[in-house]
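Structure, as structure tokens:
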Amino acid sequence: MLLKKNFFLVFVAILLLSIPVISGATPVITEGDSVGVTVAEDAAVDTVVTLHATGADSMYFVWTIIDSAGMHGVADTAGTGTGSVADSCFITYAPSPGYSGVDSFFVRVVDSSGDADTIKVTVTVTPNNPPVITEVSPINVTVAENAATANVDTLHATDAEGNTLTWSIATAAINGTAGAGAGSDSSIITYTS
Numbered sequence: 798m799l800l801k802k803n804f805f806l807v808f809v810a811i812l813l814l815s816i817p818v819i820s821g822a823t824p825v826i827t828e829g830d831s832v833g834v835t836v837a838e839d840a841a842v843d844t845v846v847t848l849h850a851t852g853a854d855s856m857y858f859v860w861t862i863i864d865s866a867g868m869h870g871v872a873d874t875a876g877t878g879t880g881s882v883a884d885s886c887f888i889t890y891a892p893s894p895g896y897s898g899v900d901s902f903f904v905r906v907v908d909s910s911g912d913a914d915t916i917k918v919t920v921t922v923t924p925n926n927p928p929v930i931t932e933v934s935p936i937n938v939t940v941a942e943n944a945a946t947a948n949v950d951t952l953h954a955t956d957a958e959g960n961t962l963t964w965s966i967a968t969a970a971i972n973g974t975a976g977a978g979a980g981s982d983s984s985i986i987t988y989t990s
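Numbering of the sequence shown is given in the numbering used here, commencing with residue 798 and proceeding in unit increments.
As structure tokens, this is what we get:
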């Protein structure tokens, strides 16, 4: 082949290689996509569920509550060992005062590679309303001095949840002995002077 002076012929070979990128194992919350728990209305802050994560290449996990808009309570995370940086996490929850019903929020775990998994926690807050005595307080009664035990009144109460009621005397009588009879929705109150 004839070439003009000062010209060079260059051959370029292009080799395309496909190199697979191996990503680390995404963390997996072992409890699945969702978990449900039950707490009583007006309950104190308590651990409601323990979540666990696995991930072969992770040096640590960080747990957080996400998407808690509209919650009817307060949820928080606490991990084992080194705070929330652990392979298990305690979820605590306290319902808002007076709330009963269903509440939910999401928990996310992120591993040291930045990969994440999420789980929905649904909390059923069961009603826990106190029973109501139907008689108007105070109730005044008169008994004869040194009289034998007398039935002084019958009290009635209702419970919104339909639970069995147990009666007792909350404050001891000053000059005698008061008692409350067995019964669920009513109790005979006795007094001995």
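Every residue gets a Cβ at the ideal spot worked out from N, C-alpha and C, and that includes glycine.
- If you compare the alpha carbons of Asn-972, Pro-935, His-953 and Gly-895 with that of Ala-979, the shortest gap goes to His-953.
- Distance from the CA atom of Ala-941 to the CA atom of Val-871, rounded to whole angstroms, is 55 Å.
- Beta-bridge partners assigned by DSSP to Ser-901: Thr-919.
- Shown here, Asn-948 sits in a strand according to DSSP, grouped into three states.
- DSSP places Tyr-896 outside both helix and strand once states are collapsed to three, so it counts as coil.
- Annotated three-state conformation of Asp-982 is coil, per DSSP.
- By the beta-carbon neighbour count (other beta carbons within 10 angstroms, threshold 16), Gly-867 is exposed.
- If you draw a straight line from the Cα of Pro-924 to the Cα of Ala-947, it is about 37 Å long.
- Boundaries of the beta strand (DSSP E) harbouring Ala-977: 974 to 977, taken from the DSSP string.
- Within its own chain, the residues whose Cβ lies closer than 7 Å to the Cβ of Asn-943, once the five positions on either side in sequence are excluded, are Ser-990, listed in chain order.
- The DSSP assignment places no complete alpha helix (DSSP H) segment of no fewer than 4 residues inside the segment 820 to 878.
- Note: Val-929 is bridge-paired with Thr-955 in the DSSP secondary-structure output.
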